[in-house]
Amino acid sequence: MSRIVTELCYQILNEYYGELTATVGVFLIRNKATSCSIIVQRTGLESKQVKRALQSLIQQNIVSFCQPKPGLIEYTAKSDAVLWRLRYPHYIHCAKMLYGDAAELLVEELLLQGQSCLGPAVTKTTSKLNESLLSSGSNLPSISQNLVKDKVTTLVKARLIRRCADIIYDKEGKNAVSSGEIGDPELLFNLPNAVDFEPAAGSKRPPSNLEQRAAKKLKLETGDATETLMKDSETSKNVGPGYWCVNVYQFHHHFRDQAIVAAVSRNIDQKASEVIRTLLRISETRSQPLSPESSPVSLTEIYNAMPKDKVMPKSTLEQYLKYLSENCFNFVTKVGESGGGMFQIMLVSSLTSNFDYFKAIKAICVSQIESIILERFGSKALRMFRVLLTDKQVEQKQVEERAMLPPKEAKELLYKMFAENFITLTELSKTPDHAPTRTFYFFNVNLIQVSRMLLERCYQLYFFYFHQAVGNVFIRRQKCISENKRLLDKQDRVEAIIASLDAEGALEQKEEVEQMVTPSEKAQLKKISDSARTLELSEIHLDQTIFVLETYLNYTLQPSITKK
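Under UniProt numbering, the residues of the sequence shown are numbered 1 to 564, in order.
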């Protein structure tokens, strides 16, 4: 874990959860599995403060705990879960685009709570929706909780929310001694029942339905089937609602699919991207988000699942799938002939080692890196970079010739990229003394190293968002708002007055209020709005770059992949 990432985690935790929570969280990130007594001893905090911080971090799915031996509980923090806090607006916006306003508010509530029962989440979501209806002045009927409950079911079917992992209590039912995922991950996506929508009673977390099933299975295996079945009907009435959380991995799965669809659209055409989009949508709930390959999908299934406004003849669809599977970066692999042909997007095929899904992710990552090189060094440096990507190991003279650049200019750009770690140098000596006159020097591109370096720089820039530094986007936006606070407050008051006058129908007074903001102030407000929008777009593009680099590294560093 680099220092920049650790500092960024501290700034995020401090910004959203307070200094005490940040201190405990970063200590766990640096020290991995640690007991509560050691945290108290090393941080200098009181035991009550540490316990409150751990409670908050566990609630937010940042810290997990286990019992390696009786009497000892160890806590572990996940730095990724802290960094994903920056991506919450993207999750919320994605839910809105896919399933509407109710889904947006549900995902927002679960993200803010970390872990929550469905009953309170549905109640708050319904209240917010009805409040927005009242404020808009529409005559639409109020929204019932049943509509929001149906939306919960839709989100569970799409695997965007799931049940939380079980908490196992000791024999007395007082102390939680372990936590972790259950053996069958599919149980986490069981649809909610009437009990799940009941309000939670008390502060103690009730045993979930998954725990009841696990206990029942264990007793059946030991032979106490009769006793278990007799008690099951009695205990089921006392089982409270389980806890639910947002499945961020499925959102990442969706973001990855969007990137692939956009890449296909750029490289082929819009129709090919719709074919890929349909294939991915069919296999979305059939495979795990981090699965190395998608489930096979037949030609008939793809044809039937195509959107009505995007329907194409079956022969045309077959031609597109053939082209995608044979000629276009092997995005799609044909794995059978049943149903008109079975197709899937795979990370690596079993025998031929064709990097199908991996090639798509790699192409997107290379495109991001090339855009950075183009902006930083220019088009001539980009030509040299592409030569190195294509030819792997290349001498300096060969780079100059193949990029068709003058030796002096090529040398300057080459060593600039080398100094900033975009390219690497390999030495091949004829003699053991490594004399320069008897040594060959080959330039090459190590994509993994470049991706890690750029990811570190992105985290560093995000660290500056939360740290006082000149020129960072976050501080610039805050400074812009603080310098014009009086003018922005005036605009808010004027807009509030205009809204109330609209409701009363006082048009003459409305014109007088609008004149309270002078033309020069309106121009200044427009300038502030444009600057804030530009800075927000910068943050969005930065997060997109981080996601692409993270996805490429995750797939590349999987042990099952043999990289070319």
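We put the beta carbon where it would ideally sit given N, CA and C, even for glycine.
Listed in chain order, the non-local C-beta contacts of T34 below 7 angstroms within the same chain comprise L28, E74 and Y75, local neighbours out to five positions each way being set aside. The three-state secondary structure of K32, taken from DSSP, is coil. For P199, there is no enclosing alpha helix (DSSP H), as DSSP marks it with neither H nor E. Annotation: the continuous beta strand (DSSP E) that includes P68 extends over V63 to K69. Residue pairing of R163 in beta bridges, as defined by DSSP: W244. Non-local C-beta neighbours of P199 in its own chain, meaning closer than 6 angstroms and more than five positions away in sequence, comprise G119, ordered along the chain. Linking V394 to E401 through their CA atoms gives a straight-line distance of about 11 angstroms.
If you look at I73, you'll find it isn't in any alpha helix (DSSP H); it sits in the beta strand (DSSP E) that goes L72 to A77. A direct Cα-to-Cα measurement between K527 and T551 gives close to 36 angstroms. In this structure, the alpha-carbon of M417 lies about 29 angstroms from that of E536. Proximity to S64 across I167, G242 and H90 peaks at I167, based on C-alpha coordinates.
One Cα belongs to P141, the other to L133, and the distance between them is close to 9 angstroms. Annotation for L557: no beta strand (DSSP E) segment contains it, and DSSP assigns it neither H nor E.
Taking 8 angstroms as the upper bound for CB-CB distance, L389 and V445 are in contact here, some 5 angstroms apart. Distance from the CA of I276 to the CA of P296, rounded to the nearest whole angstrom, comes to 13 angstroms.
Nearest in C-alpha terms to L191, of all of Q398, W244, I143 and N139, is W244.
By the Cβ-count criterion, N247 is buried, with 16 or more other Cβ atoms from all chains shown falling within 10 Å of its own Cβ. Cβ neighbours of F440 within its own chain (closer than 6 angstroms, five residues either side excluded): L428. For the 8 angstroms CB-CB criterion, I372 and A263 do not form a contact. Its chain contains I364 and V548 as the residues whose beta carbon lies nearer than 7 angstroms to that of A259, once the 5 sequence neighbours on both sides are disregarded; these appear in chain order.
For the options S135, L111 and A102, the alpha carbon positioned closest to that of T123 is the one of A102. CA-to-CA, the gap between C66 and A77 works out to about 12 angstroms. Under the DSSP definition of a beta bridge, E427 partners with Y441.
L405 places its beta carbon less than 8 angstroms from that of K380. Residue L279 holds the alpha-carbon nearest to the alpha-carbon of P307 among L279, I369 and T6.
Taking C-beta atoms as the reference points, C9 and V24 fail to come closer than 8 angstroms.
For A272, the uninterrupted alpha helix (DSSP H) segment begins and ends at Q270 to S283. The alpha helix (DSSP H) runs of length 4 or more contained entirely in the segment 367-430 are, from start to end of the chain, 379-391, 396-403 and 407-419. Residue environment analysis places T21 among the buried positions, since at least 16 neighbouring C-beta atoms fall within 10 angstroms of its C-beta. Per the C-alpha coordinates, the member of P432, R386, E186 and A435 positioned closest to F422 is R386. DSSP places N304 inside the alpha helix (DSSP H), whose first and last residues are L299 to A305. Proximity of the segment 91-107 to the segment 150-167 meets the contact definition, three or more beta-carbon pairs being nearer than 8 angstroms. Setting aside the 5 residues that flank it on each side, L382 is surrounded in the same chain by E370, I373 and L374, each with a C-beta closer than 8 angstroms to its C-beta; the list follows chain order. Of the candidates D543, S283 and L112, the residue whose Cα lies closest to the Cα of L86 is D543. For K392, the closest C-alpha among the options Y249, F443, A435 and A532 is that of F443.
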